[in-house]
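Trainee:
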Amino acid sequence: MGQVTVPGPSGGIAVASDSSQSGTIAQQIADAIALAQAGGKLNSQLVTGGESLAAPITSGGTENDAILGGVVGAVTVPAGYQFVVNEASAPATITASNATLLSGTVGGTFFLTGASTLDAGGGNNWAHVDGSNYQMYAGSGDDTLLASGAGTVAAGGGLNTIVSGSSSVAGVSSGNWIVSTGQDVIFARAVADTVQSSGDKTLLFGGGNVNASLSGANDTIVAGGGADTIQASGDSALVFGDLSGANTPMNTEVSGANATVVAGYGTSNVTASGSNGLIGGTSGRFNVVDTGTNTTIIGSTGASTVTASGHGLLFGAQSGDLVFYGGAASATVFGSAGSSETLFGAAGGIEYDNMGANATVVGGSGVSTLFGAPGGTITYVGSTGGAQFQALEGNVTFNASGSSSDNLIVGGRDPNGADSLVGGAGKDTLMAGSGADTLTGGGGNDLFVFFRNMTGGNTDTITDFTQNDSLLLSGYGTTVTQTLSTAVHSGGNTTVTLSDNTRITFVGVSDLNALAGHISST
154 MGQVTVPGPS GGIAVASDSS QSGTIAQQIA DAIALAQAGG KLNSQLVTGG
204 ESLAAPITSG GTENDAILGG VVGAVTVPAG YQFVVNEASA PATITASNAT
254 LLSGTVGGTF FLTGASTLDA GGGNNWAHVD GSNYQMYAGS GDDTLLASGA
304 GTVAAGGGLN TIVSGSSSVA GVSSGNWIVS TGQDVIFARA VADTVQSSGD
354 KTLLFGGGNV NASLSGANDT IVAGGGADTI QASGDSALVF GDLSGANTPM
404 NTEVSGANAT VVAGYGTSNV TASGSNGLIG GTSGRFNVVD TGTNTTIIGS
454 TGASTVTASG HGLLFGAQSG DLVFYGGAAS ATVFGSAGSS ETLFGAAGGI
504 EYDNMGANAT VVGGSGVSTL FGAPGGTITY VGSTGGAQFQ ALEGNVTFNA
554 SGSSSDNLIV GGRDPNGADS LVGGAGKDTL MAGSGADTLT GGGGNDLFVF
604 FRNMTGGNTD TITDFTQNDS LLLSGYGTTV TQTLSTAVHS GGNTTVTLSD
654 NTRITFVGVS DLNALAGHIS ST
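In the working numbering, the protein residues as written are 154 to 675.
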């Protein structure tokens, strides 16, 4: 604990300060008083009990200094005093205007207005400053600091409560600069507050437009109805957007591990670079850039755009449309029913579990693993990595006609389903499922595969079987000749019946014998 010496009416007065920040401000105040004394323009008044301060001298450029000592109780400093030095032996209540107040380490209650400066020192303090261009500093005690108007608030290392925008007139102030180093509770309710916090377990409540940077661990931020910009770099940060229903934007950046972000109702832009994060949208537009690892992202009922270069898990579990950009690491995406989804793959590849949405997947150099759900339509284009597609239940459409890669396309296991499976220009492998599937190979040399007892007696259709394609009948144990002997020709098409009563119709093929060399059975 340091101290500064302040000139008094009968010599110097030592005022203790309990932090480097408080000590710096205290020294600046002491230097200003000493300068006035050296110029012969200091009027210093001492109060040690219940007496009142004399009126200040307002002529000749005199600087007026009130020194409070002993047990003074409540003191109202007359207007015109530039400096107040509180060295009372017990907590005092001091009211002043347009003054610089330096207090010791016993704590107190302070009411200041105008362009005032408060160095509350140590102890447990309660202070309300209302004005413009003010400065309010506290030490290591547990302080409650109420700030109205526009100024700077710096809390010390205790357990502090800081309220910005606490004016008694309509609850409005234009904004403050708030500096917090302890385990503080901050209410940033002004029109525009800037908050800088380095303490752990800080609790920040927004109200107006908040620009906040927090670096401690286990911080919690609850945005209000304003347009907020939040940076949380400590581990285990918890950030809530405005959930009051106001359509206000929020920009959030989290870089620590185990961060959780719950977006608000307005447009939310979230950047995450830590590990094991959880990011969720609500009803507003939701934009996420994730460069971290093992991040779980839950989409919004509004439109969502997600860019993920690290390993991650994305649930488009709400009804909003989704645009997803993959990166160098693999990502897993769960689609949502009733939405429109567009996915761009990259080197890491995508695993996409379609939940009934209409989706477009633009493949990258990594393999795309895709699962289709009832009613889902997946359009797959581009890619050098290729796709592995598996239909699930119900009627699923997979269309890779815009793809030039070699894809594996597998029908579902629902005997009542009717999947539409379409390959592209590459060498695709299409495997019929349990339902009545329609298979289109596309322009490449494709392989169509049927498994015994898979289709349950349904009729499957191959729309474009040519001499460039092959047909594999797996597990049937019959010869090709036996299979061809069941052929029925009708309307330019040929239908064969397999030993498990599965029927295959070849559209546009009037003489299947000409293609016998492209059919094999095991």
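Backbone N, C-alpha and C fix where the C-beta goes; we use that ideal spot for every residue, glycine too.
1) Is it right to say V423 is buried, meaning 16 or more other beta carbons lie within 10 angstroms of its own, or is it exposed?
2) Just the C-alpha distance for A526 and I503, rounded to the nearest angstrom, thanks.
3) How would you label S301, buried or exposed, when you count the other beta carbons within 10 angstroms and need 16 or more for buried?
4) Tell me the DSSP secondary structure of V230 in three-state form.
5) Are G437 and G452 touching if we call contact CB-CB under 9 Å?
6) Need the endpoints of the alpha helix (DSSP H) that Q681 sits in, please.
7) Quick check on G668: does DSSP put it in helix, strand or coil?
8) Contact between the stretch 284-298 and the stretch 306-317 is defined here as three or more beta-carbon pairs at a separation below 8 Å; is this criterion met?
9) Give the secondary structure of Q190 by DSSP, where H, G and I count as helix, E and B as strand, and everything else as coil.
10) Between the Cα of D337 and the Cα atoms of A343, W330, S351 and Y505, which residue gives the shortest distance?
11) For S148, which residues of its own chain have a beta-carbon under 6 Å away from its beta-carbon, when the five flanking residues on both sides are left out?
12) Between the C-alpha atoms of G359 and L391, what's the straight-line distance to the nearest angstrom?
13) Which same chain residues end up closer than 8 Å to A410 when comparing Cβ atoms and leaving out the 5 residues on each side of it in sequence?
14) Is the stretch 558-570 close to the stretch 522-537, with three or more CB pairs under 8 Å?
15) Give the DSSP-derived three-state secondary structure of I210 in the structure shown.
16) Whose C-alpha, out of E406, F542, E240 and G661, is nearest the C-alpha of H442?
17) Leaving out five residues before and five after T305 in sequence, what residues of the same chain have Cβ atoms less than 6 Å from its Cβ?
18) For F236, which residues from the same chain have a beta carbon less than 6 Å from its beta carbon, with the 5 sequence-adjacent residues on both sides left out?
19) Measure the alpha-carbon distance for L255 versus T248 and round it to whole angstroms.
20) Q541 to G378, Cα distance in whole Å?
21) Can you name the start and end residues of the beta strand (DSSP E) that D613 belongs to?
22) So what's D443 in DSSP terms, helix, strand or just coil?
23) Would you kindly report the start and end of the unbroken beta strand (DSSP E) that includes Y418?
24) Going by C-alpha to C-alpha distance, which of S674, G213, G630 and G465 sits closest to G480?
25) Keeping to the same chain, check which residues put their C-beta closer than 8 Å to that of D353; ignore five residues upstream and five downstream.
26) Please state whether the Cβ-Cβ distance between L119 and S673 is less than 9 Å.
27) Comparing alpha-carbon positions, which option in G628, D272 and L665 lies nearest V602?
28) Let me confirm a value: A499 is counted as buried when at least 16 other C-beta atoms fall within 10 Å, else exposed. Which label applies?
29) Using beta-carbon positions only, say whether N440 and T413 come within less than 9 Å of one another.
30) For the beta strand (DSSP E) containing S301, name the first residue and the last one.
31) What residue range does the beta strand (DSSP E) around H281 cover?
32) Closest to A208 by CA distance: which of Q190, F497 and Y234 is it?
33) In whole angstroms, what separates the C-alpha of G501 from that of I562?
34) Skipping 5 residues on each side, what residues in its chain have a beta carbon closer than 8 Å to that of V520?
35) Along the chain, which unbroken stretches of the beta strand (DSSP E) at least 3 residues long are found entirely within the stretch 450-477?
36) Classify A185 as helix, strand or coil using the three-state DSSP reduction.
Mentor: This is what the structure holds:
1) buried
2) 17 Å
3) buried
4) coil
5) no
6) No information on residue 681 is available, as it lies outside the stretch 154 to 675 that the chain covers here.
7) As written in the sequence, residue 668 is Leu, which differs from the Gly given in the question. Secondary structure at L668: helix, using DSSP grouped into helix, strand and coil.
8) yes
9) In the structure shown, Q190 falls within a helical segment according to DSSP collapsed to helix, strand and coil.
10) S351
11) Lying before the first or after the last residue shown, residue 148 is absent from the chain, which here runs from 154 to 675.
12) 14 Å
13) D388, S389, G427, S428, N429 and G430
14) yes
15) coil
16) For the record, residue 442 in the displayed sequence is Val; it is not His. Answer by Cα proximity: E406.
17) Q288 and W330
18) Answer for F236: I186, D218 and T253, listed in chain order.
19) 13 Å
20) 46 Å
21) T612 to I615
22) strand
23) Careful: Y418 lies outside any beta strand (DSSP E) and carries neither H nor E.
24) G465
25) Its chain contains Q336, G369, A370, N371, D372 and G387 as the residues whose beta carbon lies nearer than 8 Å to that of D353, once the 5 sequence neighbours on both sides are disregarded; these appear in chain order.
26) Nothing can be reported for residue 119: it is not among the residues displayed for the chain, which extend from 154 to 675.
27) G628
28) With 16 or more other Cβ atoms within 10 Å, it is buried.
29) no
30) T297 to A307
31) N278 to Y290
32) Y234
33) 20 Å
34) G502, G538, G539, A540 and Q541
35) 457-461 and 465-468
36) helix
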